[in-house]
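Structure record follows, encoded as structure tokens.
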Amino acid sequence: MLSAWEKALFTLVILATIGGFVYPVYLRLQILRRGKPEFRAGDLWRRLVDTLAKVFLQKCTLKNERVFTGLMHVLIFYGALTFDTMTINHTLEGFFDKFYLFGNAGFGLFFSLLVDTFAVLVLVGVAFFIVRRFLLRPKAYRTTLFDSGVIYALLITVTLSYLYFEAFAIVSHPESARLSFLGKILAEGLTGLPAGTLAAHLKISWWLHILIVFGFIAYVPHSKYFHMITGPINVFLRSPGSSREIRPLDIEKAEVFGTEKAADLSWKDYLDAFACMECGRCQDACPAFASGKPLSPKMIIFNLEKHLLEYRQRLVENKRDELPPLFPDVHTEGEIWTCTTCGACQHVCPVEIEHIRKIIGVRQSEVLMQSRFPQELNSFFRNMETNSNPWGIGFAKRAEWAAGLDVPVLAERGSAEYLLWVGCAGSFDEEGIQIARAMVTILKKAGVDFAILGTEEKCCGDSARRLGQEYLFQTLAAENAGLFVQYQVKKILTFCPHGYNTFKNEYPKLRGLLPGIPEKDQARLAEIEIIPHIVFLEGLIKSGRLPLRTNGISRLTYHDSCYFGRHNGLVAEPRGVIASLSPKAFAELKNNRQHSFCCGAGGGLMWTEEKLGQRINHLRTEEVIASGAEVAATSCPFCLNMLKDGLKDKERPDIRVKDLAQLVAASLEP
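In my numbering, the protein residues as written are 7 to 676.
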């Protein structure tokens, strides 16, 4: 198709495109190489299979949120793959006249049909996003409008220029039509044109399409469209369960605690920033953002990327001292201290970005290095340091909740099949105490061999860790772990999702960091079976050890706690318990299961004042009211208090809030 000099020119275009694409990618790779080391290469086969499924089946996009938007993205994605294949053909066609990638194979006929089909579908998808982004303008889409406009323009012109070329190619070479229905329709209007005109338009359309395509390729690394490359890599390198775990700090060896500057982040944090597709799903799902607070998980990542690129040279040259601090230069106080660590942002992210650890990293730096944090946390930290509980109540009173129940204590018994972890709420909070007493009633009724630690028990440390006080967390963890070793604990039964998550997912990761405990004993922490009460209750009921009578509840709803439901996938078990309670009607809340809406107490925010925007628990309470339920069941002491307070504020004392353990205890047959 091309003359000798045109082939030479085309070769230069290809080289220029490669250079235009590779150079900005190289600059980003330089940044990635300077990130702190982090191992993410385990179980490669599983990672590969899962990534291919998520990307090529578009499971990452077709989630429960924005179903129609996801479908439009799928059209553009598969359209891009189809046109990328045609770009290879188009390129080789420049050097080899009448070249067709699939030759005379039957798939070649199907592919010609596929290209025209996706040409239509891509235009439909782009039109949808243009209307949504520039006319409807939801909050999630209000960044980089110019970049979006350029991408949409390129997608449209790539598609139209291809159809322009296809029409003249079919007129000039009818055998190339195959099953290209659009090309045939367009070609019908061109018959009768002079041969010279046809030849000129064929070459012009070829050059026009190839230049637009190659221009698009060179533009990709400068745009959010770069996620087409970095997104799948980020999915491959994800860490399952990252939303429920905080990376431990080596307090003894670390020179910097947390994330003070961009140089303190790992290469995976940098990759997260480059993988963001700016879809805003995380922002839509964030309870802090929904309640009018400054926090947007999307902007946390978006602003981090801008910061990395702005200070690339200093990062590459390892000039940490010349970098500005992330707080408050990149992230504001209203962002850092309003995150509930509910994990909704990470759950909905199509490319598996890990937002929470970046926020907690800044908190750690602020608390441990700068001693800056919300004023009300002074009493929280002081109470935890002196009495190992947020209320600051003395150790001697930790077991007073069990008065009159004849609850066995490990220090007296020596051993038991199950350690019932009561936790701070179960020991000192009025509502939590009722849950603890209900659990004792249930365990005795079922004949379970259990005991408590009593006055020896200390806070699990969840709130301290998520508020950035890693030193305090590890101190508490060492003391609790020492007790587990001392009493040879093999099974721990919890009725707090935060304690469950901490013992199951975080204590085992502290191996080698707990002073005073031999290494072999620290390794045993991972062998302890951690059992949430919702799972245990369901098992007792199904086995017939807890016969229940009808409780007469007319309409019941259930609030999934973030740390049971979303972080640990425990959504079927509580519903199994509810089914056994036989309410006359069960009503799911608008946001349920893994998509539950946070109560507002997670991330240590139970102990802070909610000064910005609406109260998060009010938003969740409105869902409870809308369900028409007589009783709202929970499985977390924090959630119970937040919903109860919300209903009180909404003047709805007629709706009762009870933990599942309380409902089961009240339904036990005499």
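C-beta atoms are modelled at their ideal positions from N, C-alpha and C, and glycine is treated no differently.
Could you tell me the distance, in whole angstroms, from the CA atom of residue 343 to the CA atom of residue 437? Those two C-alpha atoms are separated by around 26 Å.
Excluding the 5 residues flanking residue 308 on each side, which residues of the same chain have their C-beta closer than 7 Å to its C-beta? 149, 282, 284
Taking contact to mean 3 or more Cβ pairs, one atom from each stretch, closer than 8 Å, check whether the stretch 26-35 and the stretch 50-61 are in contact. no
Tell me whether the stretch 544-562 and the stretch 518-525 touch, counting them as touching only if at least three CB pairs, one residue from each stretch, are closer than 8 Å. No: the two stretches stay apart, fewer than three of their Cβ pairs being nearer than 8 Å.
Across which residues does DSSP place residue 538 in a beta bridge pair? 500
Out of curiosity, what's the CA-to-CA distance linking residue 620 and residue 299? 8 Å
Residue 304, DSSP secondary structure in three states: helix
Tell me the rounded alpha-carbon separation between residue 564 and residue 424. 27 Å
Here's a check: name, in chain order, each residue in its chain whose Cβ is nearer than 6 Å to the Cβ of residue 582, leaving out the five neighbours to either side. 544.
Do you know offhand how far residue 443's Cα is from residue 408's? 7 Å
Residue 651 versus residue 608 - alpha carbon distance: 15 Å
Local Cβ density within 10 Å of residue 361, reported as buried at 16 or more and exposed below that: buried
Residue 594 lies in the beta strand (DSSP E); which residues open and close that run? 592-594
Smallest Cα separation from residue 453: which of 488, 553, 531, 418? 553
Jot down the residue ranges of each uninterrupted beta strand (DSSP E) in the stretch 574-621, minimum 3 residues, whole runs only, in chain order. 592-594
Report yes if the CB atom of residue 459 is closer than 8 Å to the CB atom of residue 411, and no otherwise. no
Top-ranked residue by Cα proximity to residue 215, from 637, 658, 173, 242: 173
Option nearest residue 367 by Cα separation, candidates 358, 315, 268, 325: 268
For a test of the three-state rule: what should DSSP assign to residue 105, helix, strand or coil? Three-state result, residue 105: coil.
Cut-off 7 Å between Cβ atoms - residues of its own chain near residue 117, not counting five sequence neighbours on either side: If the five residues before and after residue 117 are omitted, its C-beta is found closer than 7 Å to the C-beta atoms of 108, all from its own chain and listed in chain order.
Helix or strand or just coil, what does DSSP make of residue 272? For residue 272, the three-state secondary structure derived from DSSP is strand.
Mind listing, in chain order, the continuous alpha helix (DSSP H) runs of no fewer than 4 residues lying wholly within the stretch 368-451? 383-393, 416-419, 429-434, 436-451
Based on Cα-Cα distance, which residue from 121, 600, 176, 419 lies nearest to residue 205? 176
Out of 555, 605, 86, 615, point me to the one whose CA is closest to residue 570's CA. 605
Short CB-CB distance (under 8 Å) between residue 274 and chain B: Of the chains in the structure shown, none is chain B; there is only one protein chain.
Over the uninterrupted alpha helix (DSSP H) stretch that includes residue 483, give me the two end residues. Counting along the chain, the alpha helix (DSSP H) containing residue 483 begins and ends at 476-492.
Taking Cβ positions, are residue 430 and residue 396 nearer each other than 8 Å? Yes, the pair counts as a contact, with Cβ atoms nearer than the cut-off.
Spell out a yes or no on whether the stretch 185-194 and the stretch 259-279 are touching, meaning 3 or more CB-CB pairs, one atom from each, closer than 8 Å. no
Could you spell out the range, first to last residue, of the alpha helix (DSSP H) harbouring residue 508? Going by DSSP, residue 508 is part of no alpha helix (DSSP H) at all; its letter is neither H nor E.
Simplified DSSP assignment, three categories, for residue 183: coil
Rounded to the nearest angstrom, how far is the Cβ of residue 164 from that of residue 222, given a contact under 8 Å? 6 Å
When you compare the CB positions of residue 500 and residue 427, do they come within less than 8 Å of one another, or not? yes
Would the stretch 455-470 count as touching the stretch 666-674 if we require 3 or more Cβ pairs under 8 Å? Too few Cβ pairs lie closer than 8 Å, so no.
Who does residue 554 pair with in a DSSP beta bridge? Residue 554 pairs with 674.
For residue 573 and residue 247, I'd like the C-alpha separation in whole angstroms. 7 Å
With 16 as the cutoff for other CB atoms within 10 Å, does residue 385 come out buried or exposed? exposed
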